[in-house]
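I have placed the structure first, in the form of structure tokens, so that the comments after it can refer back to it.
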Amino acid sequence: MSTTAQETLPDFDTTLSPATYKKIRELIHQHAGIAMPEGKEALVASRLRRRLKACGISTIPEYLDFITRDSTGTELRAMIDVLTTNKTSFFREEAHFRYLTEQVVPEARSSRRLRLWSAGCSTGQEPYTTVICLAETLSDFGSWDIRILATDISDRVLAEAKAGRYPRHSLEGLDDAIVRKYFSSEADGSEPVYVAKPILRKPIRFARLNLMAQWPMKGPFDVIFCRNVMIYFDKPTQERLVNRFHALLRPGGHLLIGHSESLTGLDHPYEYIAPATYQRKS
Ligand SMILES: C[S@@+](CC[C@H](N)C(=O)[O-])C[C@H]1O[C@@H](n2cnc3c(N)ncnc32)[C@H](O)[C@@H]1O
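What follows is the structure, given as structure tokens:
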């Protein structure tokens, strides 16, 4: 009887000893800044199962050895990818989009130029929402020079963001008129899929960027969105990051963080404006 690839695949043992879990936490903290809490062994083991299967490796310690031997860093990147949390939605924490259109846009009216960065953009809803808000607010939107850099560490979510294809349920809460104006619907099996139109895509450039690494861009940005990202980092990492953001903002530029996040207790030069909204003064 011939042996198929399927039959030769090993069984996966996703047992995670405290020592192995500690090693994984150290790796992800060192490379992605993520401070994985205690007690998430079951979640981590189930997420790593996908990588074990993809690599044809049967235990997590062997998988970690494989990562250590992989000088290309490809598998480490894949491991970080499966361990990130990517929850997002359109118009999440809507107050920030009102702030953008009511406070930031008037300041930019004379130059008609905006430079924005969605740092930790996940599957793209944050930058696409930003474009919808700007296009709905500005009667002369087409004549503005607007660029949005949208970055994430995860190749998987970036691929989805670039594709800009969303199931109906992820557009819940958006007016039908907005959906029709900014998305075209395509039949995908029995479920329609909503695809971002060129007007939404044009101002956005998606790129992979690890916030812990060197940044190639120089700024200055009018607004940096880094929402619901720093919640996964420890205080020293958050402090370093917000100070690096500060250097890339123009004087008067804004840092928007998640509403469950705060800069309280961090050493930083921002002025507090409103919940989760900070400004570089000079
Ligand atoms: C929960 S999502 C937030 C998405 C969006 N900003 C929002 O508020 O809806 C957090 C994102 O941060 C990304 N992330 C985590 N660590 C990162 C790092 N070191 N560099 C870049 N992105 C990171 C994750 O991949 C994930 O997509």
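My numbering applies: residue 56 is where the sequence shown begins, and numbers increase by one.
Don't be surprised by glycine CBs; every beta carbon is placed ideally from N, CA and C.
- Task: Counting only runs of 4+ residues fully inside the region 64-122, write out the alpha helix (DSSP H) ranges in chain order.
- Result: 73-87 and 96-110
- Query: Nearest to arginine 305 by alpha carbon, out of Arg153, Gly179, Leu171 and Ala150?
  - Reply: By 1-based counting over the sequence shown, the position of residue 305 is 250. When each option's Cα is compared against that of arginine 305, the closest is Leu171.
- Message: Extract the residue ranges of the beta strand (DSSP E) inside the region 142-225, only unbroken runs of 3 or more that lie entirely within it.
- Response: Restricted to the region 142-225, the beta strand (DSSP E) segments that are unbroken, complete and at least 3 residues in length are 168-174, 200-207 and 220-222, listed in chain order.
- Message: Relative to the C-alpha of glycine 128, which candidate in Ile83, Ser166 and Ser113 has its C-alpha closest?
- Response: For the purposes of this step, residue 128 is taken as the residue at position 73 of the sequence shown. If we check each option's Cα against that of glycine 128, Ile83 comes out closest.
- Query: Can you tell me where the alpha helix (DSSP H) with isoleucine 259 in it begins and where it stops?
  - Reply: Against the sequence shown, residue 259 aligns to sequence position 204. Per DSSP, isoleucine 259 belongs to no alpha helix (DSSP H); it is in the beta strand (DSSP E), 259-263.
- Query: serine 337: which of Asp277, Ile122 and Pro92 sits nearest, CA to CA?
  - Reply: Here residue 337 refers to the residue found at position 282 of the sequence shown. Residue Asp277 is the option with its Cα nearest to serine 337.
- Item | Beta-bridge partners of histidine 309, as assigned by DSSP | For the purposes of this step, residue 309 is taken as residue 254 along the sequence shown, with counting starting at 1. The partner list for histidine 309 (beta bridge, DSSP) reads Val278 and Gln334.
- Item | Heavy atom of ligand 1 within 7 Å of leucine 264 beta-carbon | Position 209 of the sequence shown, counting from 1, holds the residue named residue 264. It does: the Cβ of leucine 264 is within 7 Å (strictly closer) of some heavy atom of ligand 1.
- Is it the case that the CB of asparagine 141 approaches a heavy atom of ligand 1 more closely than 7 Å? Within the sequence shown, residue 141 is the residue found at index 86, counting from 1. The answer is yes for asparagine 141.
- Delimiting residues of the beta strand (DSSP E) encompassing isoleucine 286: Here residue 286 refers to the residue found at position 231 when the sequence shown is read from its first residue. Per DSSP, isoleucine 286 lies in no beta strand (DSSP E) and is assigned neither H nor E.
- Query: Can isoleucine 208 be considered in contact with ligand 1, in the sense that its beta carbon sits closer than 7 Å to one or more heavy atoms?
  - Reply: Stepping through the sequence shown from its first residue, residue 208 is reached at position 153. Yes.
- Message: Once DSSP output is grouped into helix, strand and coil, what is the label at alanine 268?
- Response: Here residue 268 corresponds to residue number 213 of the sequence shown, with the count starting at 1. If DSSP states are grouped into helix, strand and coil, alanine 268 belongs with coil.
- Query: Candidates Gly88, Val186, Gln334 and Glu117: which alpha carbon is nearest proline 258's?
  - Reply: Position 203 of the sequence shown, counted from the start, is the residue given in the question as residue 258. Checking every option, the nearest Cα to that of proline 258 belongs to Val186.
- Message: DSSP has valine 250 in a bridge; who is on the other side?
- Response: As a first step, residue 250 must be located in the sequence shown, where it is residue number 195. Its beta-bridge partners are Arg220 and Ser239.
- Query: Is leucine 138 helix, strand or coil when you go by DSSP?
  - Reply: Here the question's residue 138 lines up with position 83 in the sequence shown. Of the three classes helix, strand and coil, the one that applies to leucine 138 here is helix, per DSSP.
- Query: Any idea if tyrosine 327 is buried or exposed, counting beta-carbon neighbours within 10 angstroms, 16 or more meaning buried?
  - Reply: Position 272 of the sequence shown, counted from the start, is the residue given in the question as residue 327. Of the residues assessed, tyrosine 327 falls on the exposed side of the cut-off, its CB having fewer than 16 other CB atoms within 10 angstroms.
- Hey, is the region 195-213 in contact with the region 254-268, meaning 3+ C-beta pairs nearer than 8 Å? yes
- Item | Status (buried if at least 16 other CB within 10 Å, exposed otherwise) for proline 324 | Here residue 324 refers to the residue found at position 269 of the sequence shown. With fewer than 16 other Cβ atoms within 10 Å, it is exposed.
- Item | Distance cut-off 7 Å: arginine 147 Cβ against heavy atoms of ligand 1 | Locating residue 147 in the sequence shown gives position 92, where the first residue counts as 1. Yes.
- Looking at histidine 151 and leucine 255, is the spacing between their C-beta atoms short of 8 Å? Position 200 of the sequence shown, counted from the start, is the residue given in the question as residue 255. Position 96 of the sequence shown, counted from the start, is the residue given in the question as residue 151. In this structure, histidine 151 does not lie closer than 8 Å to leucine 255 by Cβ.
- Item | Three-state secondary structure assigned by DSSP to threonine 59 | On the sequence shown, position 4 is the one that residue 59 refers to. Unreliable placement is indicated for threonine 59, whose pLDDT of 39 sits below 50; the coordinate value is still reported in the next sentence. Of the three classes helix, strand and coil, the one that applies to threonine 59 here is coil, per DSSP.
- Kindly list the residues whose CB is nearer than 6 Å to the CB of proline 116, restricted to its own chain and excluding five residues on each side of it in sequence; keep chain order. Here residue 116 corresponds to residue number 61 of the sequence shown, with the count starting at 1. Cβ within range, chain order: Thr75.
- Best match in Ile279, Arg102 and Ser194 for proximity to arginine 202 [C-alpha to C-alpha]: For this step, residue 202 is matched to residue 147 along the sequence shown. Among Ile279, Arg102 and Ser194, the Cα nearest to that of arginine 202 belongs to Ile279.
- Quick one: what's got a C-beta closer than 7 Å to alanine 163's C-beta in the same chain, skipping five residues either side? Start at 1 with the first residue of the sequence shown, and residue 163 comes out as number 108. Answer for alanine 163: Leu169 and Asp277, listed in chain order.
- Message: I'd like to check one pair, valine 160 with threonine 184: are the Cβ atoms closer than 8 Å?
- Response: Within the sequence shown, the letter at position 129 stands for residue 184. Within the sequence shown, the letter at position 105 stands for residue 160. Against a cut-off of 8 Å, the Cβ pair of valine 160 and threonine 184 comes out as no contact.
- Item | Distance, serine 166 Cα to phenylalanine 196 Cα | Within the sequence shown, residue 196 is the residue found at index 141, counting from 1. Within the sequence shown, residue 166 is the residue found at index 111, counting from 1. Between the C-alpha atoms of phenylalanine 196 and serine 166 there is a straight-line separation of about 13 Å.
- glutamate 316: first and last residue of the uninterrupted beta strand (DSSP E) it sits in: As a first step, residue 316 must be located in the sequence shown, where it is residue number 261. Premise fails: glutamate 316 is in no beta strand (DSSP E) and is neither H nor E.
- Item | Between the CA atoms of phenylalanine 145 and threonine 123 - distance to the nearest angstrom | Against the sequence shown, residue 123 aligns to sequence position 68. Against the sequence shown, residue 145 aligns to sequence position 90. Their backbone Cα atoms lie some 38 Å apart in a straight line.
- Query: Within 10 angstroms of its Cβ, does glycine 320 collect 16 or more other Cβ (buried), or is it exposed?
  - Reply: To locate residue 320, count along the sequence shown from 1; it is residue 265. Glycine 320 comes out exposed.
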